[in-house]
Amino acid sequence: MHMDEDRAWIAFASRDRDADGRFVVAVRSTGIYCRPSCPARRPARDKVAFYKDAADAKAAGYRSCRRCHPDAVARDATAVARAAAMLARDGAVPLDRLAQAVGYAPHHFHRLFKRATGVTPAAYARALRSGRAIAALAAENSVTEAIYAAGHDAPSRFYAADAPRLGMSPSAWRHGGRGETIRWTMIATGMGPLLFATTARGPCRIALGEDGAALAARFPAATIRPGDAVLHDLAERVVTLAECPARSDLPPDIRATAFQEAIWQALRTIPPGTPCRHAERAASAGGAD
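Just remember that this note's numbering sits 20 ahead of the position in the sequence shown, which is counted from 1.
See the structure below:
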């Protein structure tokens with residue numbers, strides 16, 4: 021895993037709790053490794069090494085700090101993964117019930133989940149539901165059937181929450197982007213290449229592990245064109261706002277879902293008048309959590 025050691029040092033020096041679980045810090049002079057938020061006195065920068073997790077630090081010969089207990093972070097990761105699986109299985113779950121299921125107090129677990137993934141449990145559930153809605157549009161016989169198959173109890177909820185993320189009408193999406201012109205670009209991220217594609221309405225596809233060929237296969241009836249420098253700059257700006265990678269000890273599918281949702285949330289911060297001027301409208305699905 022590539023690690024930005026300058027950012028890691030800043031997080032360690034400031035005892036940033038949000039960095040816990042993203043990496044561990046090994047102190048060469050003491051032979052121990054710590055959480056980034058460890059309350060112990062900070063050594064000089066040339067006395068520390070950064071590892072992606074406790075296993076790597078142990079393999080390098082370091083032992084766990086008895087003050088900050090970095091190995092306990094694994095319990096938190098397990099709880100977050102269990103909660104994410106519950107959201108995937110059951111849809112939106114009230115925070116109280118979600119936290120109880122994994123053995124944490126609700127307020128503490130809300131902070132823990134966001135610190136681990138970069139998004140709240142509600143935002144993560146929203147991302148899963150949007151994914152189901154998109155899959156259902158292709159699989160069901162009508163838009164109405166797709167709406168209910170995705171878990172919505174009324175069409176109005178779909179049109180308020182998920183439809184703005186399509187970048188086109190649901191009917192056009194069902195018919196392979198018929199009548200749409202889609203421009204796309206690729207952005208390098210800490211989780212790999214990211215496809216960022218948009219129509220005149222706004223972003224229609226934001227996905228890790230896809231490229232222009234995958235976009236053309238998804239929208240065979242659309243006109244697909246490479247984006248220009250303006251689109252690329254916008255996409256880079258949004259990714260920079262969103263990129264606080266989820267913990268490396270979480271399953272890849274959880275990390276990818278959370279990261280892509282964080283990008284949609286970051287789109288809401290782009291001011292009106294910015295190129296791709298409908299991006300903020302397309303990303304406005306859902307309110308504050």
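Quick reminder that beta carbons are idealized off the backbone N, C-alpha and C, glycines included.
Three or more Cβ pairs closer than 8 Å define a contact, and the stretch 205-218 falls short of that threshold against the stretch 139-146. Between alanine 97 and leucine 215, the C-beta spacing is not below 7 Å. Take the alpha-carbon of phenylalanine 43 and the one of alanine 249: they are about 34 Å apart. Within the DSSP secondary-structure output, tyrosine 71 pairs in a beta bridge with Val44. When the five nearest sequence neighbours on each side are left out, the beta carbons in the same chain lying within less than 8 Å of the beta carbon of alanine 108 are those of Leu148, in order along the chain. Alanine 236 is not a Cβ neighbour of isoleucine 226, given a cutoff of 7 Å.
In the DSSP secondary-structure assignment, serine 84 is bridged to Tyr53. The C-beta of alanine 282 has 16 or more other C-beta atoms within 10 Å across all chains shown, which makes the residue buried. Taking each of Gly171, Ser49, Arg62 and Arg257 in turn and checking the Cα distance to alanine 31, the smallest one comes out for Arg62. Across the structure, proline 90 and glutamate 160 are spaced so that their CA atoms are roughly 47 Å apart. Buried is the label assigned to glutamine 280, since at least 16 other Cβ atoms lie within 10 Å of its Cβ. Here methionine 106 carries a helix assignment [DSSP, helix/strand/coil]. DSSP places isoleucine 244 inside the beta strand (DSSP E), whose first and last residues are 243-246. Secondary structure of alanine 220 (DSSP, three-state): coil.
When the Cα atoms are used, valine 122 and alanine 101 turn out to be separated by approximately 10 Å. The beta-carbon distance between threonine 209 and valine 258, rounded to whole angstroms, is 11 Å. This is too long to meet the 8 Å contact definition. Taken atom to atom, the span from the alpha-carbon of histidine 127 to that of alanine 105 is near 20 Å. Beyond the five residues adjoining it in sequence on each side, glycine 171 comes within less than 7 Å, by CB distance, of Gly111, Arg149 and Arg152 in the same chain, given in chain order. As DSSP reads the structure, methionine 206 sits in a beta bridge with Leu215.
Straight across, the Cα-Cα distance linking arginine 37 with proline 56 is about 7 Å. Per the DSSP secondary-structure output, isoleucine 226 pairs in a beta bridge with Phe216. Within its own chain, the residues whose Cβ lies closer than 7 Å to the Cβ of histidine 130, once the five positions on either side in sequence are excluded, are Leu115, Thr140 and Pro141, listed in chain order. Annotation: the continuous alpha helix (DSSP H) that includes isoleucine 274 extends over 272-287. In terms of CA proximity to leucine 287, Glu263 leads the group Pro272, Arg275 and Glu263. Per the coordinates, the alpha-carbon of leucine 254 lies some 29 Å from the alpha-carbon of arginine 177. Listed in chain order, the alpha helix (DSSP H) elements of length 4 or more contained wholly in the stretch 156-195 are 163-169, 175-181 and 190-194.
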